[in-house]
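Enquirer:
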Amino acid sequence: MLLKLGGVSTVVVSSRETAKQVLREHDLHCCSRPRVKGARKLSYNYRDIAFSRYDDYWKELRKLCIRELFSPKRVQSIQPIKEMEMKKLIASITESAFEKTPVNLSDTFLSLNANVICKASFGVSFQGTVLNNEKFQDLVHQTLELLGRFSASEFFPYIGWIFDWFKGLHARRDKCARDLDAFYEQMIDLHLQKNREARSEDDFVDLLLRLEKEEAVLGYGKLTRDHIKGILMGGINTSAITMAWAMAELARNPRVMKKVQSEIRNLIGKNNKARTISLDETDQLNYLKMVIKETWRLHPVSPLLVPREVISEFKINGYTIQPKTRLHVNVWAIGRDPEEFIPERFMDCDTDVKGQHFELLPFGSGRRICPAVYMGTASVQFVLANLLYQFDWKLPEGVEVEDIDMDETAGLTTHKKHDLILVPVKSLDL
Numbered sequence: 126m127l128l129k130l131g132g133v134s135t136v137v138v139s140s141r142e143t144a145k146q147v148l149r150e151h152d153l154h155c156c157s158r159p160r161v162k163g164a165r166k167l168s169y170n171y172r173d174i175a176f177s178r179y180d181d182y183w184k185e186l187r188k189l190c191i192r193e194l195f196s197p198k199r200v201q202s203i204q205p206i207k208e209m210e211m212k213k214l215i216a217s218i219t220e221s222a223f224e225k226t227p228v229n230l231s232d233t234f235l236s237l238n239a240n241v242i243c244k245a246s247f248g249v250s251f252q253g254t255v256l257n258n259e260k261f262q263d264l265v266h267q268t269l270e271l272l273g274r275f276s277a278s279e280f281f282p283y284i285g286w287i288f289d290w291f292k293g294l295h296a297r298r299d300k301c302a303r304d305l306d307a308f309y310e311q312m313i314d315l316h317l318q319k320n321r322e323a324r325s326e327d328d329f330v331d332l333l334l335r336l337e338k339e340e341a342v343l344g345y346g347k348l349t350r351d352h353i354k355g356i357l358m359g360g361i362n363t364s365a366i367t368m369a370w371a372m373a374e375l376a377r378n379p380r381v382m383k384k385v386q387s388e389i390r391n392l393i394g395k396n397n398k399a400r401t402i403s404l405d406e407t408d409q410l411n412y413l414k415m416v417i418k419e420t421w422r423l424h425p426v427s428p429l430l431v432p433r434e435v436i437s438e439f440k441i442n443g444y445t446i447q448p449k450t451r452l453h454v455n456v457w458a459i460g461r462d463p464e465e466f467i468p469e470r471f472m473d474c475d476t477d478v479k480g481q482h483f484e485l486l487p488f489g490s491g492r493r494i495c496p497a498v499y500m501g502t503a504s505v506q507f508v509l510a511n512l513l514y515q516f517d518w519k520l521p522e523g524v525e526v527e528d529i530d531m532d533e534t535a536g537l538t539t540h541k542k543h544d545l546i547l548v549p550v551k552s553l554d555l
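Just remember that the working numbering sits 125 ahead of the position in the sequence shown, which is counted from 1.
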């Protein structure tokens, strides 16, 4: 589909066949990112860095992330932090189960994810920082929603900037950027103040700060403090969004909920409720993996992926795509056929999320694939396995399955418009 959005030609690809042509056969022709026009630098700082338009910079950054942050070794190294945070969460939910009070799982997942990232990256928690956990969650939602909102200045030069200014869009983006900047600066300062002798090896922030000090070159330029903040911003809430959608679908499909819980409890057994399920154990939960794949199929975190910009002319199905065209891959449309939540469709098939199967692209594909595929998958499996093992989950009193709201928000990421509220019940099978 070809659209003319102001002065920008935009092509939307909505089938797996055309997605394969774009992301594999013509990846080199369209691996750049659109330049943001008419916007002040501060308001777009994190988006420009995390989704850099420069392919040479991105290649170097991706290598660094895969090697140092998202490798299986790094995932294993932060597992004790995840287990500690999971034990705290289980204790909190157990109290709610005892009191028979509902739990806001949307907030719970984002809080858990943010705590793990902060402690794994900075070695410190939210306590004593300019933002508490709740304010940080709100700020992340606001930032991603604003950066994904239509901006007239991107499509209508000069006059569009005035329109955005009149609507207050620039001011709100700048405020979010300043608040995030202050938070990351304080977290980095607290990280530097910690006793280095207490850590046996450098963590990821140590590595980035050392590269900044050494003025390391990544592709087109030197690594700066702004790059560090942009990298850390990249994956704050994506795993949490997937977990919330997965639990919402399970709540709407009791058959699937019962089946996945039976798989987990049969593997782990009884009398093990005092410990968390390990990564090695979650890797054996094949039906849980199907549930997560089905969740990604119906609810991709980034429904249009991050837009690309065509570098050189190429053809799709006989149509010529010109340079400077903005290109979207509509993974939401690709995955919406059919719309029923049936995890068994992935049984006895080798479809994975590593960018080689174009009917399932939650992390994208090609040169711009998200480098955190392994870490994101492992995190979602770990959290869901433990919560489904420890608790049964019921709808609040007076709420029926058909009442569960599955509306989505718009933005760079797509999460549930309304929070997911469920009632935990301590399993009698344990």
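Heads up, the beta-carbon is just placed ideally off N, CA and C, and yes, glycines get one too.
Given the structure is predicted, the values throughout are model-derived calculations rather than measurements.
When DSSP labels each residue in this structure, what does S168 get in the three-state scheme?
Expert: Within the sequence shown, residue 168 is the residue found at index 43, counting from 1. Only weak support exists for where S168 lies, its pLDDT of 39 falling under 50; the coordinates are left without a value.
Enquirer: Can you list, in chain order, the residues of its chain whose CB lies under 6 angstroms from that of P432, leaving out five sequence neighbours each side?
Expert: Residue mapping note: residue 432 aligns to position 307 of the sequence shown, counting from 1. Result list for P432: P159, R451, H453, in chain order.
Enquirer: Could you have a look at L186 and say whether DSSP puts it in helix, strand or coil?
Expert: The residue you call residue 186 lines up with position 61 of the sequence shown. Of the three classes helix, strand and coil, the one that applies to L186 here is helix, per DSSP.
Enquirer: What is the rounded straight-line gap between the Cα of G394 and the Cα of R400?
Expert: Along the sequence shown, one-based indexing puts residue 394 at 269. Along the sequence shown, one-based indexing puts residue 400 at 275. Taking the straight line from one Cα to the other gives about 12 angstroms.
Enquirer: Using a threshold of 9 angstroms, state whether the C-beta atoms of C301 and T268 are closer than that.
Expert: Position 176 of the sequence shown, counting from 1, holds the residue named residue 301. Position 143 of the sequence shown, counting from 1, holds the residue named residue 268. Going by C-beta atoms, C301 is nearer than 9 angstroms to T268.
Enquirer: So, with DSSP's three-state summary, where would you put M374?
Expert: Against the sequence shown, residue 374 aligns to sequence position 249. Per the sequence presented here, residue 374 reads as Glu, with Met not at that position. The answer is helix: DSSP assigns E374 an H, G or I state.
Enquirer: Counting Cβ pairs, one atom from each stretch, are 3 or more of them under 8 angstroms apart for the segment 411-424 and the segment 128-140?
Expert: Flag = no, the segment 411-424 and the segment 128-140 do not touch.
Enquirer: Near L392, which residues of its chain fall below 8 angstroms by C-beta distance, leaving aside the five closest residues on each side in sequence?
Expert: Residue 392 sits at position 267 when you count from the first residue of the sequence shown. Excluding sequence neighbours, L392 sits near E406, Q409, L410.
Enquirer: Measuring only the C-alpha atoms, how far is V500 from I284?
Expert: Counting from one through the sequence shown, the residue named residue 500 turns up at place 375. Counting from one through the sequence shown, the residue named residue 284 turns up at place 159. In the sequence as displayed, the identity of residue 500 is Met instead of Val. Going by the C-alpha atoms only, they are around 43 angstroms apart.
Enquirer: Since E533 sits in a beta bridge, which residues does DSSP pair it with?
Expert: Residue 533 sits at position 408 when you count from the first residue of the sequence shown. Note: E533 sits in a beta bridge opposite K541.
Enquirer: What's the gap between the Cα of R172 and the Cα of E224?
Expert: Within the sequence shown, the letter at position 47 stands for residue 172. Within the sequence shown, the letter at position 99 stands for residue 224. Residue placement at R172 cannot be trusted, given a pLDDT of 46 that sits under 50; the coordinates are not used to answer.
Enquirer: For N511, name the three-state secondary structure that DSSP assigns.
Expert: In the sequence shown, the residue the question calls residue 511 occupies position 386. Here N511 sits in helix by DSSP.
Enquirer: Looking only at DSSP bridge pairs, what is L486 linked to?
Expert: As a first step, residue 486 is located in the sequence shown; it is residue number 361 there, counting from the start. Per DSSP, none; premise fails for L486.
Enquirer: Do I218 and T233 have their C-beta atoms within less than 9 angstroms of each other?
Expert: In the sequence shown, the residue the question calls residue 218 occupies position 93. In the sequence shown, the residue the question calls residue 233 occupies position 108. Result yes, Cβ atoms of I218 and T233 sit closer than 9 angstroms.
Enquirer: In the DSSP output, what is W518 paired with across the bridge?
Expert: Walking along the sequence shown from the start, residue 518 turns up at place 393. Bridge partners of W518: P549.
Enquirer: Please return the same chain residues whose Cβ sits closer than 8 angstroms to the Cβ of C190, not counting the five positions on each side in sequence.
Expert: Counted from its first residue, the sequence shown places residue 190 at position 65. Taken in chain order, the residues that qualify are I356, P496, A497.
Enquirer: Anyone know if the C-beta pair for S504 and N238 falls short of 9 angstroms?
Expert: Sequence index remark: in the sequence shown, residue 504 carries index 379 (1-based). Sequence index remark: in the sequence shown, residue 238 carries index 113 (1-based). Cβ atoms of S504 and N238: closer than 9 angstroms.
Enquirer: Per DSSP, which residues does L130 bridge with? Please list them.
Expert: Taking the sequence shown and counting its residues from 1, one reaches residue 130 at position 5. L130 is bridged to V133.
Enquirer: Please list the terminal residues of the continuous alpha helix (DSSP H) segment that includes L423.
Expert: The residue given as residue 423 occupies position 298 in the sequence shown. Residues 411-423.
Enquirer: Would you identify the three-state DSSP class for V426, choosing helix, strand or coil?
Expert: The residue given as residue 426 occupies position 301 in the sequence shown. If DSSP states are grouped into helix, strand and coil, V426 belongs with coil.
Enquirer: Would you check if there are 3 or more beta carbon pairs closer than 8 angstroms linking the segment 466-481 to the segment 366-386?
Expert: The segment 466-481 vs the segment 366-386: in contact.
Enquirer: Can you say whether E310 is buried or exposed, counting buried as having 16 or more other CB atoms within 10 angstroms of its CB?
Expert: Position 185 of the sequence shown, counting from 1, holds the residue named residue 310. Classification for E310: exposed.
Enquirer: Quick check: F507 and L404, are their CB atoms within less than 9 angstroms of each other?
Expert: Reading the sequence shown from its first residue, position 382 is the one you call residue 507. Reading the sequence shown from its first residue, position 279 is the one you call residue 404. In contact: F507 and L404 (Cβ atoms closer than 9 angstroms).
Enquirer: Within its chain, find whatever has a CB closer than 6 angstroms to the CB of Y444; leave out the 5 residues flanking it on each side and keep chain order.
Expert: Residue mapping note: residue 444 aligns to position 319 of the sequence shown, counting from 1. Cβ within range, chain order: n/a, list empty.
Enquirer: Decide yes or no for the touch test of the segment 523-537 against the segment 269-283: beta carbon pairs closer than 8 angstroms, at least 3 of them.
Expert: Yes, they touch.
Enquirer: Kindly indicate which three-state DSSP category A144 falls into: helix, strand or coil?
Expert: Within the sequence shown, the letter at position 19 stands for residue 144. DSSP places A144 in helix when its eight states are reduced to three.
Enquirer: From the DSSP secondary-structure annotation, give me the bridge partner or partners of Y283.
Expert: As a working note, residue 283 is residue 158 in the sequence shown. Paired residue(s): none; Y283 is not in a bridge.
Enquirer: What does DSSP give as the partner residues of T445 in its beta bridges?
Expert: Reading the sequence shown from its first residue, position 320 is the one you call residue 445. DSSP output for T445 lists K440 as bridge partner(s).
Enquirer: Can you tell me whether I174 is helix, strand or coil according to DSSP?
Expert: To locate residue 174, count along the sequence shown from 1; it is residue 49. Since pLDDT at I174 reaches only 46, below the 50 mark, its modelled position is unreliable, and the value read off the structure follows with that caveat. In this structure, I174 counts as helix in the three-state DSSP scheme.
Enquirer: Is it right to say Q515 is buried, meaning 16 or more other beta carbons lie within 10 angstroms of its own, or is it exposed?
Expert: In the sequence shown, residue 515 corresponds to position 390, counting from 1. By the neighbour-count rule (16 or more Cβ atoms within 10 Å), Q515 is buried.
Enquirer: Which whole-angstrom value describes the C-beta separation of F439 and H151, a residue pair presumed to lie in contact below a C-beta threshold of 8 angstroms?
Expert: Here the question's residue 439 lines up with position 314 in the sequence shown. Here the question's residue 151 lines up with position 26 in the sequence shown. Their Cβ separation, rounded to whole angstroms, is 5 angstroms, which keeps F439 and H151 in contact under 8 angstroms.
Enquirer: Could you tell me how far apart the beta carbons of I206 and V241 are, in whole angstroms, since I believe they sit closer than 8 angstroms?
Expert: As a first step, residue 206 is located in the sequence shown; it is residue number 81 there, counting from the start. As a first step, residue 241 is located in the sequence shown; it is residue number 116 there, counting from the start. Sure, about 6 angstroms apart at Cβ, within 8 angstroms.
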